[in-house]
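Asker: In the working numbering, the protein residues as written are 211 to 526.
Where a beta carbon is used, it is the ideal one built from N, C-alpha and C, also for glycine.
Can you read through this structure? Questions will come right after.
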């Protein structure tokens, strides 16, 4: 789920502040990167995507309810605010996570992390169509680098561990497309006067209400009574991690600026691949490593250079 932030201009950070903010950035990237292998573990015993989405949203909403109580800023019951949260819930979680959970059953977690890092590159042509960005040759080059990275994943025979995985790549690309659209939607139409935490709280709450009947009707509801094994604990851990790192990211945008904070994109992808190797024992062909390099280069070219608003992408 992504939410745009518009912090005021700030003075240059001191070296001490730079070290501190860099440490926070690394922690956020490491945490966010871990959510992909945790998702892989969560689906390992056959839990359905609607059941996983419901509990992911319900856990997030419960934590954010406490955060909102402490902050003294609840969710306003205005129609525009509720409509916004419902839209964000659908395009930022319910739809993209449905496809991601299905795709990650069949694809390596590291490959999923690489594909998710395409969000800024997919967002660029969308922003051109919506009139929120101007054409830039540098960013077009980044888009082409990202496309070349995807082609390295799907074209060579030696890239994916099993060529049968190829049919799941389009499904895995649905999520970054929706996250890219979500960022552009927020940039174009705003957040109805809500800050990022309240948008996330409202979207989590409404998303859980949407996901519950889908989980029950499809027979995918996961009983909270247990038993609890690795998949269940992985789901809980992923939900907790996301709330913490997303809130930390929003805080970092406000303190260090969006251009500094958006560098977390590289760390999320890198740590996502690293955690998949450590936690899942995944290994990759040279083509996948080359694809990772091209995608990260594309992200570097597509990212804005000036201290301007950006829309960070993250799933919940």
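Is the number of C-beta pairs between the region 314-328 and the region 412-421 that are closer than 8 Å three or more?
Answerer: Result no; under three Cβ-Cβ pairs closer than 8 Å.
Asker: Please work out which residues of its chain come closer than 6 Å, Cβ to Cβ, to residue 471, disregarding the five sequence neighbours upstream and downstream, and give them in chain order.
Answerer: Here residue 471 refers to the residue found at position 261 when the chain shown is read from its first residue. Answer for residue 471: 462, 463, listed in chain order.
Asker: Quick one: Cα of residue 330 to Cα of residue 510, how far?
Answerer: Working through the chain shown from its first residue, we reach residue 330 at position 120. Working through the chain shown from its first residue, we reach residue 510 at position 300. Each residue's alpha carbon lies about 10 Å from the other.
Asker: Identify every run of the alpha helix (DSSP H) within the region 418-462, keeping only runs that are complete inside it and at least 4 residues long; order them along the chain.
Answerer: Complete alpha helix (DSSP H) runs here, min 4: none at all.
Asker: For residue 494 and residue 449, I'd like the C-alpha separation in whole angstroms.
Answerer: For the purposes of this step, residue 494 is taken as residue 284 along the chain shown, with counting starting at 1. For the purposes of this step, residue 449 is taken as residue 239 along the chain shown, with counting starting at 1. Using only the alpha carbons, I get a separation of about 27 Å.
Asker: Indicate whether the contact test is met: 3 or more Cβ pairs, each with one atom in the region 387-401 and one in the region 331-338, closer than 8 Å.
Answerer: Judged by Cβ distances under 8 Å, the region 387-401 makes contact with the region 331-338, as three or more pairs qualify.
Asker: To the nearest angstrom, how far is it from the Cα of residue 508 to the Cα of residue 285?
Answerer: The sequence position of residue 508 within the chain shown is 298, counting from 1. The sequence position of residue 285 within the chain shown is 75, counting from 1. Taking the straight line from one Cα to the other gives about 37 Å.
Asker: So, with DSSP's three-state summary, where would you put residue 494?
Answerer: Working through the chain shown from its first residue, we reach residue 494 at position 284. The answer is coil: DSSP assigns residue 494 none of H, G, I, E or B.
Asker: Hey, how far is the Cα of residue 216 from the Cα of residue 231?
Answerer: In the chain shown, counting from the first residue as 1, residue 216 sits at position 6. In the chain shown, counting from the first residue as 1, residue 231 sits at position 21. With a pLDDT of 45 at residue 216, under the threshold of 50, the predicted position of this residue should be treated as unreliable, though the coordinate-derived value follows. Going from the Cα of residue 216 to the Cα of residue 231 covers about 18 Å.
Asker: Quick one, are the C-beta atoms of residue 317 and residue 242 less than 8 Å apart?
Answerer: For the purposes of this step, residue 317 is identified with residue 107 of the chain shown, where counting begins at 1. For the purposes of this step, residue 242 is identified with residue 32 of the chain shown, where counting begins at 1. No, the Cβ-Cβ distance between residue 317 and residue 242 is not below 8 Å.
Asker: Cα separation between residue 512 and residue 322?
Answerer: Within the chain shown, the letter at position 302 stands for residue 512. Within the chain shown, the letter at position 112 stands for residue 322. Answer to the nearest angstrom: the Cα atoms are 20 Å apart.
Asker: Name the residue from 422, 483, 499, 405 whose alpha carbon lies nearest to the alpha carbon of residue 457.
Answerer: By 1-based counting over the chain shown, the position of residue 457 is 247. Of the listed residues, the one whose Cα sits closest to residue 457 is 405.
Asker: Secondary structure at residue 369, three-state DSSP: helix, strand or coil?
Answerer: In the chain shown, counting from the first residue as 1, residue 369 sits at position 159. It is coil, neither helix nor strand.
Asker: Ends of the alpha helix (DSSP H) at residue 259?
Answerer: For the purposes of this step, residue 259 is identified with residue 49 of the chain shown, where counting begins at 1. Element bounds for residue 259: 259-281.
Asker: Hey, would you say residue 460 sits closer than 8 Å to residue 505, going by beta carbons?
Answerer: Numbered from its first residue, the chain shown carries residue 460 at position 250. Numbered from its first residue, the chain shown carries residue 505 at position 295. In this structure, residue 505 does not lie closer than 8 Å to residue 460 by Cβ.
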